[in-house]
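Visitor:
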Amino acid sequence: MNLLSSGICFYLSVVICCLASSVDASWWYMGTLGTQVMCDNVPGLVNKQRQLCRQHPKIMQAIGAGIQDWIGECQHQFRSHRWNCNTMARDHTVFGRLLLRSSREAAFVYAISSAGVVHTLTRACSQGEIESCSCDPEKKGTSRDAKGAFAWGGCSDNVDYAVTFAQAFVDAKEKKERDARALMNLHNNRAGRKAVKRFMTLECKCHGVSGSCTVRTCWRALAEFRHTGDYLRRRYDGAAQVVMNQYGTGFTRAFRTFKKPTKNDLVYFENSPDYCIRDQESGSVGTGGRVCNRTSRGADSCEVMCCGRGYDTSRVSRTTKCECRFHWCCSVRCRDCAETVDVHTCKAQETT
Ligand SMILES: *[C@@H]1O[C@H](CO)[C@@H](O)[C@H](O)[C@H]1NC(C)=O
């Protein structure tokens, strides 16, 4: 009897553990495993993802290495906000429980993560790191733009390959689940992939007598990821709060019902917590200890950032480069100057 019940207990705990990890964990965790991605050791990959992982180890290496880039971009975009895209060390969910909520922030993270995969993979293809892709094979021969005819040359970034792969890999999990949250993630994943394509530019080099530009060779190039980050950040500000339509196949706006969200809009279901206090339940880490700006009137001001709890001020000395002079030719020499600055950090909430 005892043996049986402990057996059931063990079985139940296995089921609970694995259900929990399949809900919370995701491919985002690959970034913390470094370059040696082991497909079987990433919790939370669904079968399709594991399969793609085993078939394309080089691509996985690129995606894994790129994760810190899009997380860095996310943190840059939200550096002066209460929620600052912070990650949890050694946590399979990477962002903690916070993104279980179908919030505007979750919408942003899904969008920028799938955008990040497209960007990283496109770059890796152009650099010849991946056997199954290379420069865009369609960009050959001649073409025209507003300035006239040009010859395709160099290596045009092959964003379509990356978009197709990112869709297959990143969306695999949501395709399997197919509930309202999965549809939200799919929508935001696609918005992220589309955002990268928006910042393809034509770069050209002039040839001809003394730079006369009678002959041009051009290639399509991906812009810096910052452009995608800035764009998605604006989409975050204008994100649409939605509800499922009556058939469960798409969204309608929760408030202004006359306008359907477009494919470029980020969509979310739930209001965000205020992110002010540390809260196990929601996964919020709070703003205690965050640096705030006493003279700002924006989101990084001490009033807003510290949620009215007040702040501590400490005097910090640091060295900066100063009195820089240009010396002919060509160097700039500076002196090291010491300065003291006041740093303000939010008080943590009262513990009662
Ligand atoms: C604080 O905010 C003010 C006003 O927005 C700005 O001019 C200043 O550079 C900020 N200081 C820091 C340290 O970010």
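Note that the sequence shown covers residues -25 to -1, 1 to 327 in mature numbering (1 follows the signal peptide of the UniProt record, and there is no 0).
All C-beta atoms, glycine included, are put in the ideal place defined by N, C-alpha and C.
These numbers were taken from a predicted model, which means no experiment stands behind them.
(1) Is S271 near ligand 1 - that is, is its Cβ less than 7 Å away from at least one heavy atom of it?
(2) Which one or two residues does DSSP pair with N246 in a beta bridge?
(3) Between which residues of its own chain and C193 is the CB-CB distance below 6 Å, once the five residues before and five after are set aside?
(4) Would you tell me roughly how many angstroms separate the C-alpha atoms of H319 and N163, rounded to the nearest one?
(5) Is DSSP giving H94 helix, strand or coil here?
(6) Compute the Euclidean distance between the alpha carbons of R119 and Y206, then round it to the nearest angstrom.
(7) Nearest to G263 by alpha carbon, out of N22, Q52, N59 and P18?
(8) From which residue to which residue does the beta strand (DSSP E) around C193 run?
(9) Could you tell me the alpha carbon to alpha carbon distance between Q102 and P248, rounded to whole angstroms?
(10) Just to confirm before moving on: does the CB-CB distance between E106 and K23 stay below 8 Å?
(11) Measure the C-alpha to C-alpha separation of R272 and R153 and round it to an integer number of angstroms.
(12) Measure the C-alpha to C-alpha separation of M35 and G129 and round it to an integer number of angstroms.
(13) Just to confirm, does N268 get its C-beta within under 7 Å of one of the non-hydrogen atoms of ligand 1?
(14) Cα-Cα, which of A82, Q26, Y4 and G116 is closest to G213?
(15) When the Cα atoms are used, what is the spatial distance from S(-4) to Y243?
(16) So, using beta-carbon positions, are K115 and V138 closer together than 8 Å?
(17) According to the Cβ coordinates, are L197 and M175 closer than 8 Å?
(18) For the beta strand (DSSP E) holding F301, just list the boundary residues, first then last.
(19) Return the chain-ordered ranges of every beta strand (DSSP E) run that is complete within the segment 59 to 135 and spans a minimum of 3 residues.
(20) So, under 8 Å CB-CB, C49 and V84 are touching, yes? Tell me the CB distance rounded to an integer number of Å.
(21) Kindly give me the distance between the Cβ atoms of C312 and C299, rounded to whole angstroms, as I take these residues to be in contact under 8 Å.
(22) Below 6 Å CB to CB, which residues in the same chain sit around V190 once its five sequence neighbours on both sides are set aside?
(23) Which two residues bound the contiguous alpha helix (DSSP H) that contains M5?
(24) Assign R222 to buried or exposed, taking buried as 16 or more other Cβ atoms, counted over all protein chains shown, within 10 Å of its Cβ.
(25) Pull up the distance between the alpha-carbon of T227 and that of R208, whole angstroms please.
Guide: Let me spell this out:
(1) Indexing the sequence shown from 1 puts residue 271 at position 296. Indeed, a heavy atom of ligand 1 lies less than 7 Å from the Cβ.
(2) Counting from one through the sequence shown, the residue named residue 246 turns up at place 271. Looking at the DSSP assignment, N246 forms no beta bridge with any residue, so it has no partner.
(3) Mapped onto the sequence shown, residue 193 falls at position 218. Closer than 6 Å at the Cβ level, and outside the excluded window around C193, lie F125, L177 and C179.
(4) What you label residue 319 is simply residue 344 of the sequence shown in a count that begins at 1. What you label residue 163 is simply residue 188 of the sequence shown in a count that begins at 1. Approximately 36 Å between the Cα atoms of the pair.
(5) What you label residue 94 is simply residue 119 of the sequence shown in a count that begins at 1. Three-state DSSP puts H94 in a helix.
(6) In the sequence shown, counting from the first residue as 1, residue 119 sits at position 144. In the sequence shown, counting from the first residue as 1, residue 206 sits at position 231. When only Cα atoms are considered, R119 and Y206 end up about 28 Å apart.
(7) Position 288 of the sequence shown, counting from 1, holds the residue named residue 263. Answer by Cα proximity: N59.
(8) The count along the sequence shown starts at 1 and reaches residue 193 at position 218. Unbroken beta strand (DSSP E) run through C193: V190 to L197.
(9) Residue numbering aside, residue 102 sits at position 127 when the sequence shown is read from its first letter. Residue numbering aside, residue 248 sits at position 273 when the sequence shown is read from its first letter. A direct Cα-Cα distance of roughly 42 Å separates Q102 from P248.
(10) Here residue 106 is taken as the residue at index 131 of the sequence shown, counted from 1. Here residue 23 is taken as the residue at index 48 of the sequence shown, counted from 1. No, the Cβ-Cβ distance between E106 and K23 is not below 8 Å.
(11) By 1-based counting over the sequence shown, the position of residue 272 is 297. By 1-based counting over the sequence shown, the position of residue 153 is 178. Roughly 42 Å between the two C-alpha positions.
(12) Your numbering for residue 35 matches position 60 in the sequence shown. Your numbering for residue 129 matches position 154 in the sequence shown. About 26 Å.
(13) In the sequence shown, residue 268 corresponds to position 293, counting from 1. Under cutoff, so the answer is yes.
(14) As a working mapping, residue 213 is identified with position 238 in the sequence shown. Out of A82, Q26, Y4 and G116, A82 has the C-alpha closest to the C-alpha of G213.
(15) As a first step, residue -4 must be located in the sequence shown, where it is residue number 22. As a first step, residue 243 must be located in the sequence shown, where it is residue number 268. With a pLDDT of 41 at S(-4), under the threshold of 50, the predicted position of this residue should be treated as unreliable, though the coordinate-derived value follows. Straight-line measurement puts the Cα of Y243 at about 21 Å from the Cα of S(-4).
(16) Working through the sequence shown from its first residue, we reach residue 115 at position 140. Working through the sequence shown from its first residue, we reach residue 138 at position 163. No. Outside cutoff.
(17) By 1-based counting over the sequence shown, the position of residue 197 is 222. By 1-based counting over the sequence shown, the position of residue 175 is 200. A contact, by the Cβ cut-off of 8 Å.
(18) As a working note, residue 301 is residue 326 in the sequence shown. Y286 to H302 is the span of the beta strand (DSSP E), which, as asked, contains F301.
(19) Listed in chain order, the complete beta strand (DSSP E) runs (minimum 3 residues) inside the segment 59 to 135 are 117 to 120 and 123 to 127.
(20) Here residue 49 is taken as the residue at index 74 of the sequence shown, counted from 1. Here residue 84 is taken as the residue at index 109 of the sequence shown, counted from 1. The beta carbons of C49 and V84 sit about 6 Å from each other, so the pair counts as a contact at 8 Å.
(21) Numbered from 1 along the sequence shown, position 337 holds the residue referred to as residue 312. Numbered from 1 along the sequence shown, position 324 holds the residue referred to as residue 299. Their Cβ separation, rounded to whole angstroms, is 11 Å, which puts C312 and C299 out of contact at 8 Å.
(22) The count along the sequence shown starts at 1 and reaches residue 190 at position 215. Cβ-Cβ distances below 6 Å link V190 to H182 and G183 in the same chain, with the five nearest sequence neighbours on each side left out; the list follows chain order.
(23) Taking the first residue of the sequence shown as 1, we reach residue 5 at position 30. Taken as a continuous stretch (DSSP letters only), M5 belongs to no alpha helix (DSSP H), as it is neither H nor E.
(24) Taking the first residue of the sequence shown as position 1, residue 222 is located at position 247. Going by the sequence as given, residue 222 is Tyr instead of Arg. Its Cβ having fewer than 16 others within 10 Å, Y222 is exposed.
(25) Locating residue 227 in the sequence shown gives position 252, where the first residue counts as 1. Locating residue 208 in the sequence shown gives position 233, where the first residue counts as 1. Roughly 22 Å separates the two Cα atoms.
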